[in-house]
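Undergrad: Going line by line, the protein sequences match chains A and B.
For the first sequence, this note's numbering assigns the number 6 to the initial residue and increments by one for each residue that follows.
For the second sequence, this note's numbering assigns the number 6 to the initial residue and increments by one for each residue that follows.
Protein chains: 2
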Amino acid sequence: MAEIERMIYMDHAATTAVDRRVLAAMLPYWTDHYGNPSGVYRLAREASRAMEQARETVATILNCKPREIVFTSCGSESDNLALRGVAFAQRARGKGNHLITTPIEHHAVLHTAEELRDRFGFELTLVPVDRYGVVHPDDVARVIRDDTVLISVMYANNEVGTIEPIAEIGAIARERGIPFHTDAVQAGGVLPLNVDDLKVDLLSLSAHKFYGPKGVGLLYVRDGVPLWPMQTGGGHERNRRAGTENVPYIVGLATALKLAYEEAEENNRRIAALRDRLIAGVLDRIPEAHLNGHPLQRLPNNANFTFRYTEGEAILIQLDLLGVAASSGSACSTGAVEPSHVLRAMGVPPEEAFGSLRLTLGRENSEEDVDTVLEVLPPIVERLRAISPLYEARERGSG
Amino acid sequence: MAEIERMIYMDHAATTAVDRRVLAAMLPYWTDHYGNPSGVYRLAREASRAMEQARETVATILNCKPREIVFTSCGSESDNLALRGVAFAQRARGKGNHLITTPIEHHAVLHTAEELRDRFGFELTLVPVDRYGVVHPDDVARVIRDDTVLISVMYANNEVGTIEPIAEIGAIARERGIPFHTDAVQAGGVLPLNVDDLKVDLLSLSAHKFYGPKGVGLLYVRDGVPLWPMQTGGGHERNRRAGTENVPYIVGLATALKLAYEEAEENNRRIAALRDRLIAGVLDRIPEAHLNGHPLQRLPNNANFTFRYTEGEAILIQLDLLGVAASSGSACSTGAVEPSHVLRAMGVPPEEAFGSLRLTLGRENSEEDVDTVLEVLPPIVERLRAISPLYEARERGSG
C-alpha cells in the first residue's frame with residue numbers, strides 16, 4: 006500500500022480551515038480597528054460599523070431583519086440560547102412546560118433539552134426517526150400538546166448527512182403557534198437559509214463549518230419570539246447576549262457566509278460528484294458495507310458507512326497513519342467511545358453503531374483524494390476483519 | 006487649541022489592541038493547524054496539544070492545576086458561569102439559596118446575580134462600599150448566612166480602579182466554607198493572580214484587557230467546587246463548557262497573559278507614573294475636579310474624575326473631536342445614558358454621577374500623550390461649564 010505524501014482532510018463536518026480571504030477580512034480588526042464597539046469615539050464607531058455591516062450581510066442571506074441576528078461564540082451557544090432562552094421565557098409567560106426535539110440532534114440540542122428536563126422541570130418528547138434518519142412531519146404533529154413551548158429539529162444531520170423536511174415541520178409548528186428552532190450548523194454555507202421559506206423562528210449557525218473561524222456563531226431569532234438571555238451583563242446584542250463583541254470573528258463569519266453562498270452552486274455540484282464517486286467506490290469495493298443516512302436527501306459532502314465486524318475508531322487510526330483525516334460517528338470528546346446515538350435512533354444495533362466511518366468532503370478535496378481513499382480503505386477494513394473474532398465466527402457460520 | 010494629529014487612546018479598560026506577538030502566535034491556527042481538537046488524527050492532535058500547552062501556561066501564572074482552567078468566550082461568560090454554575094449546583098446539593106456580591110461589580114456579575122434573584126428564586130445581599138469604592142471584609146463577614154452559597158467580589162473596579170482586599174475576604178469565605186469568586190478582568194496582566202495567595206475558588210479573566218483578542222476568557226474553578234455547566238452539549242472542557250474550542254484565541258490568551266506578566270513590573274511602573282502625572286495635572290489645572298476611587302489602592306492605569314457641572318458624555322464627544330479616546334463611567338451600550346452605578350454606590354449624588362471621565366492608560370501611551378490631554382481637557386471643561394445653567398447658578402450664588 007502506497008504511503009500518502011500529503012494529508013487528505015475528509016472531516017469537514019468537524020471543522021474547516023479558515024479561507025484566506027476570510028482571514029484577510031478579519032486581520033485589520035485585531036491591531037488597527039480594535040475599538041470596543043460600545044465606546045463613543047471614532048475607533049469604537051469603526052468597530053461598531055463593521056459589526057453592523059456584518060449583521061446586514063448575514064440578514065440578507067437569511068432574508069431577515071438585521072436586528073433578528075444575535076452573534077454568539079459558537080453553534081453550541083446558539084443552540085443553548087435557543088432552547089434555554091425560549092423554554093424559560095415561554096414558561097414564565099404561562100405557555101407551558103413541554104419541549105419537542107429528536108433523538109438525532111447534535112448534543113448541543115439534545116443534552117440541553119435533557120438538562121432542561123432533568124434539572125429544570127421541563128417535559129421532553131423525542132420524535133422518532135426512520136431508518137434513514139428522517140423526521141416525519143406527521144410524527145411531530147402527533148406529539149404536539151397544548152403546553153408545548155418549543156420544537157427543535159435539525160436542518161441536516163451532522164453524522165449521517167440526512168436533510169430534514171424543515172419547511173413542512175415549520176408549517177405545522179406555525180399553525181399551532183409554537184416557536185420552531187432549527188440547528189442549521191451543518192447546512193450553513195451549503196443549503197438555502199431563507200428563514201421564511203424554511204418557516205423557522207430560530208436558526209443556529211457556526212462559522213467554522215463554512216471556512217470561517219471556530220469561536221463565532223449566530224442565532225436568528227424572529228421578531229416577537231420570547232427569549233431570555235443565557236449570558237447577562239451589558240446590553241449587547243439588544244440585551245440578548247452580554248459580552249464585548251468579537252468584532253474580527255463577526256466580520257469573518259459574515260465574509261465566510263457570503264463567500265460560501267456566492268460559490269455554493271459550483272462547490273455543491275463538484276463536491277456532490279466527489280461524494281457520489283466515493284460512495285459508489287466504497288460500496289463496490291468493500292463487501293458488507295452499508296451507507297448510513299438518506300441515499301438522496303443528504304448533504305452534498307457527507308458519506309457515512311458502516312462496515313460490519315469493524316470498529317470505527319480502529320479504521321480512523323489506520324487512516325490517520327496513512328494521512329487521511331476522517332471521523333467516526335461516535336462521540337469521543339470525553340474520551341469515552343460510545344455507539345453513535347444517531348445510528349442507534351435509526352435502529353442500527355449497538356454492535357454496528359460502533360463501526361461507522363464518516364468522510365465529509367470539502368473545497369480542497371479532489372478526485373485524486375477520493376481515489377486514494379478508495380485505494381487505502383478496502384485493505385484496512387479487510388485487515389481489521391481478519392483479526393475480528395466476530396468476522397471469523399460469521400465466516401465459519403456461512404462456511 | 007491645537008488639533009491632535011494622531012489618536013490618543015486612553016480607554017484601555019474598555020479594550021486593547023492585540024499585541025503583534027500575540028497575533029503572530031495565533032496565525033498558524035486558522036489556516037494550517039486548523040484541526041478540531043476532538044478529532045483522532047494528527048491535525049486534531051496538533052490543535053489539542055496547542056490548547057493544552059496554553060492551559061499549562063495559564064495554570065503556571067495562576068498557580069493552579071491545568072484542569073482547573075475552563076476556557077470561555079469572554080469575561081462576561083466567565084462571570085455568568087461562575088455565578089449561575091455555582092448557585093444552581095449548590096442549591097441542588099441543598100446548601101442554600103443566598104448569594105453575596107457588591108453593588109460596584111461589573112454588570113456581568115451584578116445583572117447575573119439580580120437575574121438569579123428575580124427569575125430563579127435566589128436571595129441576594131449586596132455588601133455596601135465606602136466612598137473610595139472599597140469593600141470592607143468585616144461587612145462581608147456580617148452578611149454571611151448559613152445558607153450562603155457563593156460570594157463574589159471583584160478584584161479591581163473597572164470604572165474607578167479601586168483594588169479590593171480579595172485575600173482578606175477570601176480568608177473569611179474559606180473559614181465559612183463558602184466558594185469565593187472574583188472577577189479579575191481588570192486585574193489580569195497587571196496584578197498578581199496566584200489563586201492560593203488570593204484565597205479564591207473561582208476567578209474570571211478576559212484576554213482583550215491584556216492585549217489579547219476580544220472573544221476569549223477563562224474561568225478558574227478550584228478542584229471540588231461544584232459547578233453546573235451553563236452551555237451544554239459535547240464534553241469539552243471536562244463537561245464544564247460545551248462547544249468546539251477556539252484554538253487560535255486560546256493560544257492568543259495564553260501568549261498575551263505570559264507576555265503581560267513578563268513585562269508587568271516595567272509596564273506597571275511606567276504607566277503608574279503616567280497616571281500620577283495625569284491625575285496631578287488634572288487636579289491642578291481644573292477647578293472643582295475630583296478623583297474617584299481610592300487614591301492609593303488603585304489600578305496603575307486608571308484615572309477617573311468628576312468635574313462638577315459637566316456631563317461625561319459631553320466631555321467625551323469633545324475629546325473625540327480632538328482625537329482622544331476615553332470613556333465615561335456611565336453604561337452606554339444600550340444607548341441609554343445612566344448615572345454610574347459604581348459612583349452611586351460610593352455615595353456620589355446622581356447629578357455628579359453623570360459627570361465622570363475615565364482615562365485608562367496603556368502600553369502605547371507616552372508622557373506626550375498625557376501632556377496633550379492636560380492641555381486640551383481644561384478648556385473643554387471650562388467651555389461646558391460656561392454653558393451649564395447649574396454652573397451659572399452656582400457662580401451667582403457664590404458671587
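Glycine included, every Cβ here is placed at the ideal spot set by N, Cα and C.
1) Check the Cβ of residue 79 (chain A) against every Cβ in chain B and list those closer than 7 Å, keeping chain order.
2) Mapping the DSSP letters down to three states, classify residue 345 (chain A) as helix, strand or coil.
3) Check whether the Cβ of residue 310 (chain A) lies closer than 7 Å to any heavy atom of the ligand SAH, and answer yes or no.
4) Give the secondary structure of residue 339 (chain A) by DSSP, where H, G and I count as helix, E and B as strand, and everything else as coil.
5) Give the residues of chain B in contact with residue 321 (chain A), contact being defined as C-beta atoms less than 8 Å apart.
6) Pull the bridge partners of residue 295 (chain A) from the DSSP assignment, please.
7) Can you check whether the C-beta of residue 236 (chain A) is within less than 8 Å of a C-beta belonging to chain B?
8) Check whether the Cβ atoms of residue 15 (chain A) and residue 329 (chain A) sit closer than 8 Å, and answer yes or no.
9) Would you kindly work out how many angstroms separate the C-alpha atoms of residue 187 (chain B) and residue 159 (chain B), rounded to a whole number?
10) Look at the Cβ atom of residue 298 (chain B), then the Cβ atom of residue 162 (chain B), and state whether they are nearer than 8 Å.
11) Give a yes or no on whether the minimum CB-CB distance between residue 201 (chain A) and chain B is below 8 Å.
12) Classify residue 183 (chain A) as buried or exposed, calling it buried when 16 or more other Cβ atoms lie within 10 Å of its own Cβ.
13) Nearest to residue 1 (chain A) by alpha carbon, out of A:203, A:222, A:207?
14) Would residue 307 (chain B) pass as an interface residue toward chain A - the criterion being a Cβ-Cβ separation below 8 Å?
15) Tell me the DSSP bridge mates of residue 157 (chain A)?
16) Can you tell me whether residue 97 (chain B) is buried or exposed? The criterion is at least 16 other CB atoms within 10 Å of its CB, across all chains shown.
17) Using a beta-carbon distance below 8 Å, is residue 169 (chain B) in contact with chain A?
18) In whole angstroms, what is the alpha-carbon distance linking residue 131 (chain A) and residue 141 (chain A)?
19) Using the rule of at least 16 other Cβ atoms within 10 Å of the residue's Cβ for burial, across every protein chain shown, is residue 257 (chain B) buried or exposed?
20) Residues of chain B with CB closer than 7 Å to the CB of residue 25 (chain A), please, in chain order.
21) Given residue 284 (chain B), which residues of its chain have a CB within under 7 Å of its CB, disregarding the five upstream and five downstream residues?
22) Going by DSSP, what residue range makes up the beta strand (DSSP E) through residue 254 (chain A)?
23) Can you list the residues of chain B that residue 332 (chain A) reaches, using a CB-CB cut of under 8 Å?
24) Does any residue of chain B have a CB that is nearer than 8 Å to the CB of residue 117 (chain A)?
25) In angstroms, rounded to a whole number, what distance separates the CA positions of residue 53 (chain B) and residue 43 (chain B)?
26) Whose C-beta lies closer than 7 Å to the C-beta of residue 70 (chain A) among residues of the same chain, with five residues either side of it excluded?
27) Are there 16 or more other CB atoms within 10 angstroms of the CB of residue 11 (chain B), so buried, or fewer, so exposed?
28) So, does the CB of residue 407 (chain A) fall closer than 8 Å to a CB anywhere in chain B?
29) Can you give me the Cβ contacts of residue 192 (chain A) inside the same chain, cut-off strictly under 6 Å, excluding the 5 residues immediately before and after it?
30) Sort out for me which residues DSSP pairs residue 140 (chain B) with in a bridge.
31) Which ranges would you report for the alpha helix (DSSP H) in the region 174-250 of chain B if only whole runs of at least 4 residues count?
32) Return the CA-CA distance between residue 269 (chain B) and residue 261 (chain B), expressed in angstroms with no decimal places.
33) To the nearest angstrom, how far is the alpha carbon of residue 73 (chain A) from that of residue 289 (chain A)?
34) Looking at the structure shown, is residue 107 (chain A) part of a helix, part of a strand, or coil, going by DSSP?
35) Just to confirm my understanding: we take residue 369 (chain A), look at its own chain, exclude 5 residues before and 5 after, and list those with CB closer than 8 Å. What are they?
36) Under 8 Å, Cβ to Cβ, is there at least one residue of chain B near residue 133 (chain A)?
TA: If we stick to the structure as given:
1) Near residue 79 (chain A) (Cβ distances below 7 Å), the residues of chain B are 248, 249.
2) DSSP places residue 345 (chain A) outside both helix and strand once states are collapsed to three, so it counts as coil.
3) In the structure on display, the ligand SAH does not appear, and there are no ligands present to speak of.
4) Low confidence applies to residue 339 (chain A): its pLDDT is 48, below 50, so where it sits in the model is not reliable, and the reading given next is rough at best. In the structure shown, residue 339 (chain A) falls within a coil segment according to DSSP collapsed to helix, strand and coil.
5) For residue 321 (chain A), the residues of chain B that pass the 8 Å Cβ criterion are 45, 46, in the order they occur in the chain.
6) Residue pairing by DSSP places residue 295 (chain A) opposite A:311 in a beta bridge.
7) Yes, its Cβ sits closer than 8 Å to a Cβ of chain B.
8) Contact: yes.
9) Residue 187 (chain B) and residue 159 (chain B) have their alpha carbons spaced roughly 5 Å apart.
10) It is a contact, given that the beta carbons lie within the stated cut-off.
11) Among the residues facing chain B, residue 201 (chain A) is not included, as its CB has no counterpart in that chain under 8 Å away.
12) Result: buried.
13) For residue 1 (chain A) there is no data in the structure shown, the boundaries of chain A being 6 and 404.
14) So no, residue 307 (chain B) is outside the interface.
15) In the DSSP output, where bridge partners are listed per residue, residue 157 (chain A) has A:186.
16) Exposed: under 16 other Cβ atoms inside 10 Å.
17) Not one beta carbon of chain A lies nearer than 8 Å to the beta carbon of residue 169 (chain B).
18) Take the alpha-carbon of residue 131 (chain A) and the one of residue 141 (chain A): they are about 12 Å apart.
19) Only buried fits residue 257 (chain B), as 16 or more other CB atoms lie within 10 angstroms of its CB.
20) Neighbours of residue 25 (chain A) on chain B, chain order: 36.
21) Take residue 284 (chain B), set aside five residues on each side of it, and the residues of its chain with a beta-carbon closer than 7 Å to its own are 296, 308, in chain order.
22) Per DSSP, residue 254 (chain A) belongs to no beta strand (DSSP E); it is in the alpha helix (DSSP H), 252-267.
23) The contacting residues are 44, 45.
24) Yes, because at least one Cβ of chain B sits closer than 8 Å to the Cβ of residue 117 (chain A).
25) When rounded, the distance between both Cα atoms is 8 Å.
26) Same-chain partners within the cutoff: 64, 228.
27) With a threshold of 16 other beta carbon atoms within 10 Å, residue 11 (chain B) falls short and is exposed.
28) Residue 407 (chain A) is absent from the model: chain A starts at 6 and stops at 404.
29) Here the set comprises 160, 161.
30) Within the DSSP bridge table, the entry for residue 140 (chain B) names B:134 as partners.
31) Counting only runs of at least 4 residues, the region 174-250 of chain B fully encloses the following alpha helix (DSSP H) elements, listed from N- to C-terminal order: 200-203, 241-244.
32) Each residue's Cα considered, the two are about 11 Å apart.
33) Straight-line Cα distance between these residues: approximately 48 Å.
34) Correct three-state label for residue 107 (chain A): coil.
35) Contacts found: 14, 22.
36) It does not: the Cβ of residue 133 (chain A) has no partner Cβ on chain B nearer than 8 Å.
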